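In the numbering used here, the protein residues as written are 57 to 773.
What follows is the structure in structure tokens.
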């Protein structure tokens with residue numbers, strides 16, 4: 057094997073193995089925040105029409121990154137909504153970026169190229185980009201960015217490559233195409249042509265026109281996509297709705313502080329927080345100017361020292377700041393309402409400091425011993441790998457993510473609010489209420505905390521308090537559809553059906569895809585006898601819950617539809633909907649019981665028994681479930697088990713007459729006539745008008761008398 061290819065395979069294989077090991081906990085993670093909009097609830101991923109809309113409609117997806125959503129579309133059709141597949145792809149893209157970074161640095165003859173690639177692969181600040189499925193934007197655009205850069209460097213030969221200085225045009229089209237792919241994944245990659253110019257300036261004495269002209273299409277494409285993304289961020293994502301209140305000086309102060317924040321996290325990655333505290337920016341405080349001034353001083357010093365120390369440190373600093381530019385606060389980015397910084401903002405920019413540090417360690421320390429260099433690299437990389445392993449657990453699920461965020465940043469109202477939502481959905485209502493109260497304390501002008509408390513108070517049946525919180529939410533945002541929805545819930549709880557219907561309809565006017573409103577409205581319309589209208593709203597609720605992949609909520613709607621159909625005599629369709637309910641929510645005891653009853657009525661006793669078994673597992677104190685189960689078992693001649701179920705029904709409900717009669721019949725069927733007679737007599741003592749018990753008692757007595765008469769010895773005349 058070619059030695060160069062062998063080094064590539066061995067080096068790339070090592071990066072693959074150590075990075076995969078470090079990210080094992082992250083691979084076990086579930087879908088988290090924003091993954092619903094990007095993957096689990098994204099209807100464009102389910103059809104060819106959706107794929108077309110991904111590319112042709114800006115508003116079809118949360119952000120116009122069609123290549124990202126195309127990868128999600130393909131994966132959705134391969135492994136559905138199994139998060140492992142998406143995590144593996146993110147990880148492989150990240151590993152690919154590290155390997156390409158290594159090869160590019162080798163081509164540029166940067167000392168410590170392999171160390172830089174390993175640090176990039178293992179640094180815990182990148183866990184957010186890899187473990188968070190939504191950040192496919194980062195890892196996909198990053199790989200395409202590196203591939204484009206590698207092709208362009210082949211197109212534009214470097215002076216020390218000892219080949220003629222003429223462009224290799226066969227590499228130009230691939231470089232441009234890959235750059236387009238990077239832009240269509242995340243427009244932060246628009247900085248690539250500027251980065252290439254920096255590299256060319258570093259490697260050559262000066263730039264000439266032939267260095268710049270081939271990059272003009274790159275700059276043009278980057279500008280177009282950058283302006284498009286900025287417009288969409290304001291008008292589609294929602295940044296334009298936020299009153300930022302930031303002056304030009306404020307934005308400079310934010311940028312200066314953010315630059316040093318990111319450098320600090322690279323040098324000391326602890327603590328890493330999903331949502332960092334949002335700084336208080338005040339241009340009247342002199343100390344806040346120290347950050348941007350210090351950044352400018354460093355750049356000026358590196359410029360002044362470029363002939364003494366080389367251009368490399370200056371290029372690394374300019375690359376770092378230039379790549380970070382879109383995330384430094386000069387542009388309105390929606391996540392900045394929570395924090396001015398985030399780990400995933402520096403995914404590509406981190407290359408600058410990482411490469412500079414690696415080059416200094418490899419080239420300036422003068423360590424000749426391979427063993428010492430290896431030991432030194434291990435001492436650096438092992439802690440990074442351990443921190444990445446530990447950080448991966450943070451992304452296990454939503455509750456873990458928000459609890460970790462609160463532990464490290466208790467001032468995050470968003471984390472408290474989102475944790476409250478998770479706790480409400482898992483019926484930990486008191487704890488949820490405390491989370492919402494903390495969110496309101498931190499953000500008293502935000503409706504989400506009040507809406508969350510409304511949900512908690514209703515679950516606690518504290519309707520007056522719920523109404524008070526709802527009024528506060530309405531004052532903050534009168535157009536909020538959820539206000540009308542919860543007004544409907546409160547009116548329904550107070551048995552004011554007409555008012556509840558009115559509020560649900562108002563909610564659906566402003567938000568037609570609100571499945572809970574459709575379901576609740578359908579229930580009330582069914583109660584008023586408007587069956588056709590109710591069925592239409594039930595179907596709309598099913599469609600909404602299906603899109604949101606809320607299977608337990610879909611199960612409730614199927615149950616409601618089945619009950620309505622059963623009451624109207626349409627038992628065949630009712631069976632189908634009960635079956636769908638238990639399929640979507642296997643722990644749905646009431647649905648199992650109803651389905652079993654209908655199956656029993658059809659004489660499908662074996663199937664009925666299966667669902668009765670599931671029903672009593674979930675409804676162990678439901679006497680009728682035990683009784684019906686017993687009857688079904690008796691029809692399968694499983695008399696011993698049937699008797700146990702009748703006995704359990706009587707234990708729960710001692711006056712359960714049908715269960716007493718069932719036990720008596722079992723005694724009779726099993727040929728235990730005396731025991732059956734005593735059981736019938738016991739029933740008749742308490743219920744003398746029980747016709748069936750009296751009939752069976754008389755029949756048994758007659759049988760006994762006939763039996764005795766038929767077996768008496770003949771009398772001698």
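All C-beta atoms in this analysis are idealised placements derived from N, C-alpha and C, irrespective of residue type, glycine included. Owing to the predicted nature of the structure, the values given are computational and were not obtained by experimental measurement.
May I ask which residues mark the beginning and end of the alpha helix (DSSP H) holding residue i?
i: residue 481; result: 469-481
i: residue 266; result: 265-268
i: residue 170; result: 169-178
i: residue 61; result: 59-78
i: residue 453; result: That residue, residue 453, is in no alpha helix (DSSP H); it is neither H nor E in DSSP.
i: residue 744; result: It is not in any alpha helix (DSSP H) - residue 744 carries neither H nor E in the DSSP assignment.
i: residue 484; result: It is not in any alpha helix (DSSP H) - residue 484 carries neither H nor E in the DSSP assignment.
i: residue 153; result: 139-163
i: residue 806; result: Outside the shown range of the chain (57 to 773) lies residue 806, about which nothing can therefore be said.
i: residue 647; result: 645-657
i: residue 283; result: 272-288
i: residue 388; result: Segment: none, residue 388 is in no alpha helix (DSSP H) and carries neither H nor E.
i: residue 368; result: 368-380
According to DSSP, is residue i helix, strand or coil?
i: residue 257; result: helix
i: residue 615; result: helix
i: residue 556; result: helix
i: residue 188; result: coil
i: residue 714; result: helix
i: residue 131; result: helix
i: residue 110; result: helix
i: residue 624; result: coil
i: residue 398; result: coil
i: residue 439; result: helix
i: residue 295; result: Confidence is the limiting factor: at residue 295 the pLDDT is only 49, short of 50, which leaves the residue's position unreliable, though a coordinate-based value still follows. In the structure shown, residue 295 sits in a helix (DSSP, three-state: H, G or I).
i: residue 678; result: coil
i: residue 235; result: helix
i: residue 696; result: helix
i: residue 642; result: coil
i: residue 247; result: helix
Can you tell which of the options has its C-alpha closest to the C-alpha of residue i?
i: residue 417; options: 541, 112, 433; result: 433
i: residue 375; options: 315, 73, 179; result: 315
i: residue 352; options: 308, 748, 440, 147; result: 308
i: residue 394; options: 328, 467, 438, 455; result: 467
i: residue 557; options: 528, 593, 527; result: 593
i: residue 274; options: 446, 679, 456, 250; result: 250
i: residue 396; options: 648, 306, 478, 345; result: 306
i: residue 146; options: 195, 639, 166, 428; result: 195
i: residue 130; options: 170, 377, 142, 764; result: 142
i: residue 461; options: 537, 333, 192; result: 333
i: residue 502; options: 173, 520, 531; result: 531
i: residue 328; options: 75, 71, 183, 197; result: 183
i: residue 153; options: 225, 331, 71; result: 71
i: residue 666; options: 478, 649, 680, 733; result: 649
i: residue 668; options: 317, 690, 645, 164; result: 645
i: residue 155; options: 68, 634, 118; result: 68
Using the Cα positions of residue i and residue j, report the straight-line distance between them to the nearest angstrom.
i: residue 365; j: residue 208; result: 27 angstroms
i: residue 360; j: residue 380; result: 23 angstroms
i: residue 713; j: residue 696; result: 19 angstroms
i: residue 581; j: residue 542; result: 18 angstroms
i: residue 762; j: residue 755; result: 11 angstroms
i: residue 103; j: residue 124; result: 16 angstroms
i: residue 533; j: residue 643; result: 38 angstroms
i: residue 618; j: residue 671; result: 17 angstroms
i: residue 706; j: residue 677; result: 11 angstroms
i: residue 296; j: residue 286; result: For residue 296, the pLDDT reaches just 48, beneath the cut-off of 50, and the residue's location in the model is therefore unreliable, leaving the point undetermined.
i: residue 268; j: residue 279; result: 16 angstroms
i: residue 66; j: residue 185; result: 26 angstroms
i: residue 213; j: residue 227; result: 11 angstroms
i: residue 564; j: residue 550; result: 21 angstroms
i: residue 524; j: residue 471; result: 24 angstroms
i: residue 210; j: residue 224; result: 7 angstroms
i: residue 344; j: residue 254; result: 30 angstroms
i: residue 623; j: residue 113; result: 45 angstroms
i: residue 589; j: residue 507; result: 29 angstroms
i: residue 491; j: residue 330; result: 18 angstroms
i: residue 703; j: residue 518; result: 40 angstroms
i: residue 515; j: residue 574; result: 19 angstroms
Under 7 angstroms, Cβ to Cβ, is there at least one residue of chain D near residue i?
i: residue 139; result: Among the chains of the structure shown, chain D does not appear; only one protein chain is present.
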